[in-house]
Amino acid sequence: MDLLISNLAHGFGVAMSFDNLLFALLGALIGTAIGVLPGIGPVATISLLLPITFGQPATTAIIMLAGIYYGAQYGGSTTAILLNLPGEVSSVVTTLEGYKMARNGRAGAALTISAVGSFIAGSVATLLVAASGPLLTEVALSFGPADYFSLMLLGLIISAVLAQGSVLKSVAMVVLGVALGLVGTDVQTGQQRFTFGVPELSDGLDFAAMAMGVFGISEIILNLERPEVRSVLTAKVGSLFLTREEVKRSIPSVVRGTIIGSVLGILPGGGASLASFGSYMMERKMSKGRAQFGNGAIEGVAGPEAANNAAAQTSFIPLLTLGIPSNAVMALMVGALIIQGIQPGPRMVESQPDLFWGLICSMWIGNVMLLVINLPMIGMWVKLLQVPYKYMYPAILTFCAIGVYSINNNVFDVYATVFFGILGYVFNKLKMEPAPLLVGFVLGPMMEEHLRRAMLLSRGSVSVFIERPISAVLLVICALALGLMLLPGLRKKKEEAMAG
Amino acid sequence: MKINAKDLASGIFLLVLAGLGLWLNMDHTLGNARRMGPGYMPMLVFWLELGLGAIVFVTSFFGGTDPLEKWTKIDFVTLALAIAAGLLGYQLLSTVPALSTNWYALGLSIVIAMFILAISPGWRVLATVLAGMSLFGVLLDAGGLFLSIAIMVVVAAFADKEHRPLGVAACVVFLIALCWWVFIHELDIRVNIWPTFF
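If you read the protein sequences in the order shown, they are chains A and B.
Under numbering that gives the first Met the number 0, the first residue of the first sequence carries the number 0, and numbering increases by one thereafter.
Under numbering that gives the first Met the number 0, the first residue of the second sequence carries the number 0, and numbering increases by one thereafter.
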């Protein structure tokens with residue numbers, strides 16, 4: 000306990016430095032902005048800003064990128080409540096009760112409970128990250144190559160199973176991601192693989208180019224093809240204060256949302272959107288006000304909003320302790336760390352204490368900032384919604400183009416982004432979910448390394464994966480996760496949950 | 000029989016890709032399970048992908064209807080022409096010595112292909128956005144940052160019918176100022192700002 004406190008004190012020291020505070024604020028502001036705006040999500044934004052973070056120290060860069068992710072959870076609810084449009088995927092369910100509340104004249108109350116609920120959940124989840132981080136790290140240090148391989152396999156499978164749409168196609172996308180990760184120089188023999196003699200490819204496909212193309216560029220094209228949804232503000236914000244009854248009804252929902260969100264965030268493949276769906280289902284079944292669901296029940300806002308923010312924080316746990324990204328945003332974080340020369344993994348807590356504890360403390364500071372950014376300044380964000388998309392997409396495109404060029408000062412990366420933009424467009428038209436692809440791309444090269452090491456140690460015997468207890472347990476969970484999804488009943492449940 | 004066309008196309012896409020991967024992987028030594036060569040992991044991955052592609056392909060015949068979007072004749076024609084022009088253009092342009100550096104041949108052939116694609120209304124959004132971005136790449140070195148941004152934004156503006164010349168001009172000025180501040184003033188990236196070809 001003393002150690003935890005001294006570590007947190009160290010973390011606050013790091014997080015309170017002028018630069019880190021400034022970039023946490025910047026991340027929170029950008030996150031809120033893209034959260035409010037429908038049509039641009041955290042994955043696209045973080046990939047867009049990835050090149051800009053290269054020049055900064057690693058801690059500052061990650062603090063800002065993290066701020067964008069959880070900031071988007073705050074911002075997304077504003078659009079959902081006021082306009083019945085989800086600003087983010089994770090706020091889809093907030094539209095259900097939140098917009099009804101707005102039409103009942105309680106928009107202000109819905110905004111307040113979503114911000115305060117998010118803040119409470121975020122604070123609890125941050126503590127959880129701080130407490131569980133070092134514990135999990137110790138477990139992780141006893142992992143051998145075979146265990147790592149199985150763990151990453153589990154991460155890949157769960158990220159596919161929990162992705163939207165067909166499980167089969169998501170698994171195929173994960174494998175495709177691993178395949179794309181093969182491009183480049185083989186680490187052990189130095190042989191060029193799938194590079195077609197292009198020197199630019201010998202370091203592998205550029206991560207930022209791929210993420211920007213598949214998420215940023217193809218999103219622009221898809222948004223432009225859809226007729227623009229004119230945002231019409233139908234309801235007045237009204238009083239931001241909650242009545243005593245509303246407070247009483249929300250507290251249990253926030254508590255439940257925090258718990259379910261924290262758990263679902265830690266799961267590989269989990270994350271904010273899954274958590275908010277899970278919490279909504281739970282509130283509809285368990286809360287006292289369930290009879291009012293569909294007519295603006297405050298529980299249906301408080302629970303999911305707490306859950307998605309809790310999950311946004313706890314999804315950092317697998318990344319910071321095991322080096323395994325649990326969703327596409329975390330895959331981008333791995334990319335950012337690797338570019339900074341830091342190999343994410345269990346040794347990060349010891350070797351990068353500034354990064355680990357600084358990030359945790361800045362998350363809490365960021366949550367305080369977001370509370371201020373979102374509640375009193377709500378009018379400013381509503382104004383932002385009036386900016387038409389036709390003025391936004393040229394800016395996104397320009398930032399993509401310059402950003403991707405500046406990574407290596409090479410126009411090849413610009414053309415690679417164009418190529419991945421086409422690919423992302425095709426994926427969307429064929430209903431192939433691109434998020435698992437990114438996770439596969441990041442984990443693929445690490446998996447190959449661990450597989451080769453494990454097989455070398457076992458003298459070529461595959462049984463090592465079953466003989467080591469940790470690996471065996473992980474593989475059983477893999478099989479269970481895949482097996483469960485083959486059951487028609489569960490598959491239907493998942494589809495229902497995803498459809499909201 | 001209800002064919003899920005989206006899954007059918009996905010299946011074919013995966014099968015072709017896996018086949019291509021396995022074929023390209025023939026150059027790499029496989030090694031054995033104990034000492035894996037550079038070709039071992041790709042072999043596993045692409046066989047797995049081939050299997051998954053086959054399952055997606057087969058199950059698409061029983062997946063219920065999910066048709067692809069309707070393609071008009073001009074969509075097909077422009078796509079075929081664009082691919083042909085792009086490939087042919089690359090072959091021809093890469094023989095020109097002046098274009099052999101800085102990926103000019105690649106960039107120009109993408110631009111040509113995208114302009115052909117833009118003839119069809121169905122592809123216009125995709126083609127103009129990507130043509131703008133490719134032109135940015137082609138122009139950046141000789142034309143400088145400001146000119147490339149201007150051209151990119153103007154070309155990409157054709158993707159949205161609601162754009163008016165004045166609005167686009169304002170967009171260009173604003174973005175040039177913003178990018179100068181962010182990328183040149185703050186981040187100091189190494190890039191030409193003004194044209195160098197005079």
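All C-beta atoms in this analysis are idealised placements derived from N, C-alpha and C, irrespective of residue type, glycine included.
Which residues of the segment 412 to 433 of chain A have a Cβ closer than 8 Å to any Cβ of chain B? Give them in chain order. Val413, Tyr414, Thr416, Val417, Gly420, Ile421, Tyr424, Val425, Lys428, Leu429, Lys430, Met431
Within chain A, the residues that Leu9/B reaches when beta carbons sit closer than 8 Å: The question names Leu, but residue 9/B is Ser in the sequence shown. Ordered by position in chain A, the residues that pass the 8 Å Cβ test against Ser9/B are Lys168, Ala171, Leu429, Lys430, Met431.
In angstroms with no decimal places, state the Cα-to-Cα distance between Thr77/A and Leu110/A. 7 Å
Taking only three categories from DSSP, how would you classify Arg33/B? coil
Burial state of Ser249/A, where buried means 16 or more other Cβ atoms lie within 10 Å: buried
Name, please, each residue of chain B whose Cβ falls closer than 7 Å to the Cβ of Gln190/A. His27, Pro37
Assign Thr125/A to buried or exposed, taking buried as 16 or more other Cβ atoms, counted over all protein chains shown, within 10 Å of its Cβ. buried
Is the shortest distance between the beta-carbon of Pro96/B and the beta-carbons of chain A less than 9 Å? no
From Ala65/A to Leu429/A, what does the alpha carbon distance come to, in whole angstroms? 31 Å
Residue of Asn101/B, Lys69/B, Cys170/B, Val44/B minimising C-alpha distance to Val197/A: Asn101/B
C-beta contact flag for Val167/B and Ala156/B at 9 Å: yes
Residues from the segment 375 to 397 of chain A in contact with chain B, defined by Cβ distance under 9 Å: Pro387, Tyr388, Lys389, Tyr390, Tyr392, Pro393, Ala394, Leu396, Thr397
Rounded to a whole number of angstroms, what is the C-alpha to C-alpha distance between Leu501/A and Ile341/A? Past the edges of chain A, shown from 0 to 499, lies residue 501/A, and the structure says nothing about it.
Whole-number beta carbon distance between Ile112/A and Val300/A, since they are thought to touch under 8 Å: 6 Å
Can Leu29/B and Met42/B be called in contact, C-beta distance under 9 Å? yes
Give me the residue from Ser16/A, Leu81/A, Trp380/A, Pro144/A with the minimum Cα distance to Arg467/A. Pro144/A
Quick check: Leu134/B and Ile150/B, are their CB atoms within less than 9 Å of each other? yes
Other residues of its chain near Gly344/A: CB distance less than 8 Å, five sequence neighbours each side excluded: Ala139, Leu321, Gly322
Please state if the CB of Asn308/A and the CB of Gly121/A are separated by a distance shorter than 9 Å. yes
Let me make sure I understand the geometry here. Which of Leu200/A, Gly295/A, Gly256/A has the alpha-carbon closest to that of Met280/A? Gly256/A
Under 8 Å from the C-beta of Val410/A: neighbouring residues of chain B: Asn101, Trp102, Gly106, Gly136, Val137, Leu139, Asp140
Pop quiz: Ile62/A and Gly357/A are said to be a contact at Cβ under 8 Å. What is the actual Cβ separation, rounded to whole angstroms? 7 Å
Can you tell me the Cα-Cα spacing of Gly334/A and Phe206/A, whole angstroms? 7 Å
Decide yes or no for the touch test of the segment 287 to 306 of chain A against the segment 94 to 108 of chain A: beta carbon pairs closer than 8 Å, at least 3 of them. yes
Chain B contact for Glu466/A (CB, 9 Å cutoff): no
Does the beta carbon of Asn191/B sit closer than 9 Å to a beta carbon anywhere in chain A? no
Local conformation of Gln163/A per DSSP, three classes: coil
Taking Gly54/A as the query, report the chain B residues whose CB atoms sit under 7 Å from its CB, ordered along the chain. Leu186
Relative to the C-alpha of Gly420/A, which residue among Ala176/B, Thr127/B, Ser9/B, Ile115/B is closest? Thr127/B
Any beta strand (DSSP E) of 3 or more consecutive residues that is wholly inside the segment 146 to 219 of chain A: none
Could you list the residues in the segment 55 to 72 of chain A with a C-beta less than 7 Å from some C-beta on chain B, going in chain order? none
Quick one: list the residues of chain B neighbouring Asp185/A, beta-carbon separation under 7 Å, in chain order. Pro37
If I'm right that Val55/B touches Gly10/B with Cβ under 8 Å, what's the distance once you round it to whole angstroms? 4 Å
Quick check on Ile183/B: does DSSP put it in helix, strand or coil? helix
Cβ-based burial, Pro317/A [other Cβ within 10 Å; buried from 16]: buried
State the DSSP-derived secondary structure class of Gly302/A, mapped to helix, strand or coil. helix
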